[in-house]
Every structure is written in C-alpha cells, then in structure tokens.
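Novice: Provided herewith is a single structure, encoded as structure tokens, for subsequent inquiry.
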Amino acid sequence: MLLKASYIKQLAAVRMRSFRMRIIFCLLPFQALALSTSSYNTLLSNNIVKSAIRILKEQDIRNTPVDAALRRRVKHKEIHTQERREVQELLLEVTRRQYRIDWRLKDAGLDCSPENRVIVALGAGFIPRIANFGLDQGSLLQSHPWVHDVLQRSSTLEVGNMDLQTRLECPDWAWPGLQKVFRTDDELAIQAKALQNPAPLDLRVNTIKCQSREDALREIRNAGFEAMPTPWSPIGIRMNQRVPLGKIPGLLTGVVEPQDEGSQLVTSLVDAKPGEKVADYCAGTGGKTLQLSAQMKNKGRLVSLDVDADRLERGRPRCAKAGVSNVQRQTVQADMTRRDKWCKRQKRSFDRVLVDAPCSGVGSWRRKPDARRTWSGLKDSMNNESNNGIARLESLLPLQQHILQRAARLVKPGGRLVYVTCSLLPQENEQQIERFLAGEEGLDWKVDPPSNFPIPFEVCDGRYLRLTPALHNTDGFFAAVLRRDQT
524 MLLKASYIKQ LAAVRMRSFR MRIIFCLLPF QALALSTSSY NTLLSNNIVK SAIRILKEQD
584 IRNTPVDAAL RRRVKHKEIH TQERREVQEL LLEVTRRQYR IDWRLKDAGL DCSPENRVIV
644 ALGAGFIPRI ANFGLDQGSL LQSHPWVHDV LQRSSTLEVG NMDLQTRLEC PDWAWPGLQK
704 VFRTDDELAI QAKALQNPAP LDLRVNTIKC QSREDALREI RNAGFEAMPT PWSPIGIRMN
764 QRVPLGKIPG LLTGVVEPQD EGSQLVTSLV DAKPGEKVAD YCAGTGGKTL QLSAQMKNKG
824 RLVSLDVDAD RLERGRPRCA KAGVSNVQRQ TVQADMTRRD KWCKRQKRSF DRVLVDAPCS
884 GVGSWRRKPD ARRTWSGLKD SMNNESNNGI ARLESLLPLQ QHILQRAARL VKPGGRLVYV
944 TCSLLPQENE QQIERFLAGE EGLDWKVDPP SNFPIPFEVC DGRYLRLTPA LHNTDGFFAA
1004 VLRRDQT
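Structure (structure tokens):
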C-alpha cells in the first residue's frame, strides 16, 4: 500500500514537471519575440537590401524591369509580402539616382556593381529617409568602410564637375531630343529634374457607375484617406498619400480606375459621343478604352485594336468590372508592310480614332525610372547602352508612322483622329505629324486643336499639346488632334 502511494506521488510530480515544461515552451516564442525585436528588424533590413541587390543584378544580366522582377519574386515567395513595399521603394530610390551614383562610384575608383550602388546610396545618405528601411547609416559605414572614399569627395550626391546630362539622369539616346524641345539649360534642368520625382496616384471616376466626382471623392475621404480633385481633369482624383490600391473605396468595384491625369486629358480630346463608331488603336489592356466608353455613355460601337490578342483579352475583366458593354476586340496585322484585311474593310467608317502609339516612354520616367536603361536593351560588347538606344529609337519611328497612316484610313470624312504618345521627344511627336501631313496619306487632313481645352496647345505655334511633370504635374504626354476634310 505504501509502495502504491509512493508511486502515485512520483507520477504526480512527473506530470507536474511535464506541465511546467509545456508552459515554458509555450512562452518561449513570446520571450524570444520580446528579446529579439531589434535582431528581427536587422534581419528584415538585410533581406530588403539583399533582395534589391538581386533584382538589380537580374536587370544587369537580363534587362528585366525592376517591377516585373519584383512581382515574379513575390509570386514565387522569394520575397515576403511584408518586405515588398520596402524593396520596391529602395529599388525606385536607387534607380532614380543611378547615373549620378555610378558617376560618384567611378570618381572614387569603384566598380558600378548593384551591390556598390545600393550600399553607397544608403551608406552615404544619398537616399533620404534611410530609417524607412530599418537601417542605421553609422552601422553601414562601419561594415562598409570603402563608402568613406566616396564621401571624402563630397557628402552630397551631386558635385561641382558632374556634367549636366548625368545630373539630369538622362541616357545618351534621349539627350539630343530633349535638348531640341527644351532649348536652354535652365529649362531643360527644370523639366528633366521633374522626371526624377515620384509620381502621384491619380484616379479616374468611371461616369458609367458614378455620375459625380464629388460622390467618389467623399467615399474616399470618409474611409480616412487624403484626396483632392485633380486640377485639370474634371473626372480625376489625386491621392495625397500612399495607399494600397485594394483599400481605395470604389476601386475593386469599378467606380474609380487608376489613371494618370495626363492620360485622362489626352483621351478626353477624342470627345467621343454616344452612338458613334470609335476605335482605340494600340489599345493594349484597355485603360483608355474604358474612358472612351464612359464618354460614349456605353452606347455606340467601340473597337479596341491591338496586334497582341492576349493583351486585348486581359482588358475583358476590366471592362466587366467597369460595367462597359459596348467594346469589341479586334486583333490587327503586326506586319506594317502588309495590308490588314479588317482595316481594309473598315476603311473610312469611324467617326473618331485614338492612336496611342508605342513610344520610348520618356514621359513616364517618374513611374519607371529604370526604363532610362532597360528601354535601350542590354549593353553592347563595348559596355555601351547608348548605341542600342539610338538604334531602337530609329527603328521605332517608321513603325509609328505606319500605325498613324493605317489608323488614319479608318476615319470617315469629317472625322477626328487623336495621335498620342507618352514621350517628350520631337521625332516621335510633332515631327511624325508633320511628316504624315506632308505625305500622300495626309493630303485631306488638317490640324484641328480644340479652342476650349483647359491647357493651351502651345507646341509649334499652338498646333499641338505637350504635358510635362514640371508644368502640369502629370506624366509627359504629346497629343495632336487632326480632322479629315469632308470631301
């Protein structure tokens, strides 16, 4: 009996110890979390820096745009969603300054590698708000003492003998064109520096689902977000803070759509009416198509044209979300040297045509700062990117002219054609229009700028419109409005 009681007592003690151990093991993660917050932040920061460096390396090797590389790595869980925003921000901050960072590295006798770019940008303080990435400048300098070689020359990113082209982050292939548009160094500096700034988030109110911009704006403000009407577009809203798109009221239901104010303005030049026959040439996934449908009050025939059928199909769910039902999708011939059968059948039958021509994208550098380099492709055997960029631009110009001519054939007598690019280079813009008007295809066309547009047409003595970040706080756009003679 005594033996049995002793056994029971020992068993109870064992169970108590086991229970205590379970309590301890349950508490350990919380204790570790409390004790290692700084270590965790350091680990997170290291991951952010390493991820940014890996993406920049991929860009050097494959010429991959950083946003595409980031999306792929998040999709494959190589980057945690918690780190995505910080990695993206770090990449944008570095690529906005890459020409100047490379200049400073070369000046200090250092290699312009992705690692050196990121470390010197952070360690030398060339990127503001370094604390946003959970990093300490002093620690970086201690672990990478070579950064002092860069700081020894100057603590600022720009130094006295840095050339203007480098200061303005302009690639060789775009420099001559921008110099022709902006004639003085002061004007060029103002315009190009504005392309270095982050772009605001603009929304377009979908008037098919919401008749009043004020109603959409009220919903956004009631959700606790700072927003204001865009100064030029009557259907635009500008967010005054960084907001995850999915949290913006009305965005997931198609009441509002992300669209730069400049894009809204140039699309409004089409001035499509309900019941008309309208074409969006080079429509892509249909951002401007949605706005054209809203202009038409969802009535009439709107044809979305592109050489890429997959791209057109990606616009289908966007139309469904926006409540758009008057869009027809049509693939056109990619080979511009051949006649397109569909376009031939539709000759001179459209009231209005928008041509959103493929271009160099100079005007969108605020949103895609790395496009300054990726657009020209990989460097050649002499480690030179300028020759590739110049060659690509020269090959693009005939394509733009072919597209303009093909789209013009669709317009009926008395109809309107609007030619648009998101470039600031004259050879893609006013020179293309002048070449078209001087040729056989342009004999029955004339430039017809609107008289009541909120922003004056000032290019070439009032013939064309140019929007710039410096003057209008929009992306850079060019637009020409043409009208076909009645006969």
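Residue numbering for the sequence shown is 524 to 1010, as defined by our numbering.
Heads up, the beta-carbon is just placed ideally off N, CA and C, and yes, glycines get one too.
Any contact of the segment 602-613 with the segment 664-673, i.e. 3+ C-beta pairs under 8 Å?
Specialist: No contact exists between the segment 602-613 and the segment 664-673.
Novice: When burial is assigned at 16 or more other CB atoms within 10 Å of the CB, is residue 865 buried or exposed?
Specialist: Counting Cβ neighbours within 10 Å, residue 865 comes out exposed, since fewer than 16 surround it.
Novice: Ends of the alpha helix (DSSP H) at residue 703?
Specialist: Note, residue 703: alpha helix (DSSP H), 698-704.
Novice: Check whether the segment 725-745 and the segment 975-984 are in contact - that is, three or more C-beta pairs closer than 8 Å.
Specialist: Segments in contact, no.
Novice: Hey, which unbroken runs of the beta strand (DSSP E) at 3 residues or more fall wholly within the segment 790-844?
Specialist: Qualifying beta strand (DSSP E) stretches, in chain order: 800-804 and 824-829.
Novice: Let me confirm a value: residue 676 is counted as buried when at least 16 other C-beta atoms fall within 10 Å, else exposed. Which label applies?
Specialist: So residue 676 counts as exposed.
Novice: Would you mind giving the Cβ-Cβ distance between residue 971 and residue 1004, rounded to the nearest angstrom? I have them listed as a contact below 8 Å.
Specialist: 5 Å between Cβ atoms; contact.
Novice: Kindly list the residues whose CB is nearer than 7 Å to the CB of residue 639, restricted to its own chain and excluding five residues on each side of it in sequence; keep chain order.
Specialist: For residue 639, where only same-chain residues beyond five positions count, the Cβ hits under 7 Å are 628 and 633.
Novice: Pull up the CB-CB distance for residue 842 and residue 809, whole angstroms please, since I reckon it's below 8 Å.
Specialist: With 8 Å as the limit, residue 842 and residue 809 qualify as a contact, their Cβ atoms being about 7 Å apart.
Novice: Is residue 694 helix, strand or coil by DSSP?
Specialist: It is coil, neither helix nor strand.
Novice: Going by alpha carbons, who is nearest to residue 711 out of 748, 944, 776 and 991?
Specialist: Cα-wise, what sits closest to residue 711 is 991.
Novice: Taking residue 968 as part of the beta strand (DSSP E), name the residues at either end of that continuous run.
Specialist: 968-970 is the span of the beta strand (DSSP E), which, as asked, contains residue 968.
Novice: Starting from residue 959, trace the beta strand (DSSP E) in both directions and tell me its first and last residue.
Specialist: No beta strand (DSSP E) contains residue 959, which is instead part of the alpha helix (DSSP H) from 953-961.
Novice: Expressed to the nearest angstrom, what Euclidean distance is found between the alpha-carbon atoms of residue 835 and residue 829?
Specialist: Each residue's alpha carbon lies about 7 Å from the other.
Novice: From residue 474 to residue 747, what distance separates their C-alpha atoms?
Specialist: Because the chain in this structure spans residues 524 to 1010, residue 474 falls outside the shown range and cannot be described.
Novice: For residue 1002, name the three-state secondary structure that DSSP assigns.
Specialist: Strand.
Novice: Please report the residue range of the beta strand (DSSP E) in which residue 979 lies.
Specialist: Per DSSP, residue 979 belongs to no beta strand (DSSP E) and is neither H nor E.
Novice: According to DSSP, residue 853 sits in a beta bridge with which residue or residues?
Specialist: DSSP, once it has assigned bridges, lists 828 as partnering residue 853.
Novice: If you draw a straight line from the C-alpha of residue 993 to the C-alpha of residue 922, how long is it?
Specialist: The alpha-carbon atoms of residue 993 and residue 922 are separated by roughly 29 Å.
Novice: Using three-state DSSP, classify residue 633 as helix, strand or coil.
Specialist: Note: residue 633 maps to coil in three-state DSSP.
Novice: Buried or exposed: which applies to residue 1009, given that a residue is buried once 16 or more other Cβ atoms fall within 10 Å of its Cβ?
Specialist: It counts as exposed.
Novice: Would you list the one or two residues that DSSP bridges to residue 725?
Specialist: 761, per the DSSP bridge assignment.
Novice: Tell me, please, whether the segment 811-821 touches the segment 781-798 by the rule of three or more beta-carbon pairs shorter than 8 Å.
Specialist: The answer is yes - the segment 781-798 touches the segment 811-821, with three or more Cβ pairs under 8 Å.
Novice: Go ahead and label residue 687 buried or exposed: buried means 16 or more other beta carbons lie within 10 angstroms of its beta carbon, across all protein chains shown.
Specialist: Exposed: under 16 other Cβ atoms inside 10 Å.
Novice: Who does residue 751 pair with in a DSSP beta bridge?
Specialist: Beta-bridge pairing links residue 751 to 761.
Novice: Can residue 799 and residue 759 be called in contact, C-beta distance under 9 Å?
Specialist: Not closer than 9 Å, so no.
Novice: Do three or more CB pairs link the segment 838-852 to the segment 758-772 at distances below 8 Å?
Specialist: Result no; under three Cβ-Cβ pairs closer than 8 Å.
Novice: Residue 863 and residue 958 - do their beta-carbons sit closer together than 9 Å?
Specialist: No, Cβ-Cβ distance for residue 958 and residue 863 is not below 9 Å.
Novice: Pairing CB atoms from the segment 869-881 with CB atoms from the segment 930-939, are three or more of them under 8 Å?
Specialist: Yes, the segment 869-881 is in contact with the segment 930-939.
Novice: Helix, strand or coil: which one does DSSP assign to residue 935?
Specialist: Looking at residue 935 - three-state DSSP - the assignment turns out to be strand.
Novice: Which residues in the same chain as residue 648 place their Cβ atom closer than 8 Å to its Cβ, once the five residues preceding and following it in sequence are excluded?
Specialist: For residue 648, where only same-chain residues beyond five positions count, the Cβ hits under 8 Å are 660 and 678.
Novice: Looking only at its chain, what residues have a beta carbon closer than 8 Å to the beta carbon of residue 764, apart from the 5 residues adjacent to it on each side?
Specialist: For residue 764, where only same-chain residues beyond five positions count, the Cβ hits under 8 Å are 748 and 749.
Novice: Does the segment 940-951 come close enough to the segment 874-885 to have 3 or more Cβ pairs within less than 8 Å?
Specialist: Touching, yes.
Novice: Going by C-alpha distance, which of 755, 802 and 762 is nearest residue 787?
Specialist: Among 755, 802 and 762, the Cα nearest to that of residue 787 belongs to 755.
Novice: Would you tell me roughly how many angstroms separate the C-alpha atoms of residue 837 and residue 805, rounded to the nearest one?
Specialist: Computed Cα separation, rounded: 14 Å.
Novice: For residue 802 and residue 777, I'd like the C-alpha separation in whole angstroms.
Specialist: Distance between the alpha carbons of residue 802 and residue 777 is about 22 Å.
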